[in-house]
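Heads up: the sequence shown begins at 14 in my numbering, then just goes up one per residue. Cβ coordinates follow ideal geometry from the N, Cα and C atoms, glycine included. In what follows, a structure is listed as structure tokens, so that the remarks can point back to it.
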Amino acid sequence: MEARPHGFRTSLRTWLAEETSAPHEVAETVLAHAADSKIVRTYRRTDFLDQRRPLMEKWAEHCTG
14 MEARPHGFRT SLRTWLAEET SAPHEVAETV LAHAADSKIV RTYRRTDFLD
64 QRRPLMEKWA EHCTG
């Protein structure tokens, strides 16, 4: 099976929703999506790095078995 970047992102987003308790905002930030309205983004001045790091470590473990 040939891997494609968009499929990889879809798999990651599905995994985040089904296998973690990551808040929607954090999961969308992992994918670099501009979630919410411009006003919400203006007042939320975080990149969720501390929340994203352990998620990505778990994703790496999931992918590498």
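Exposed or buried, which one is residue i when buried takes at least 16 other CB atoms within 10 Å?
i	result
T42	buried
A47	exposed
L62	exposed
Counting only the same chain and skipping the five closest in sequence on each side, list residues whose C-beta sits under 7 Å from that of residue i.
i	result
H75	W28
R26	A40 and L44
R22	L44
Is the beta carbon of residue j closer than 8 Å to that of residue i?
i	j	result
A30	L68	no
Take residue i and list the residues in its own chain whose beta-carbon comes closer than 8 Å to its own, dropping the five residues that flank it on each side.
i	result
E38	A48, D49, R57 and F61
Looking only at its own chain, which residues have a Cβ that is under 6 Å from the Cβ of residue i, when we skip the five neighbours before and after it?
i	result
Q64	V39
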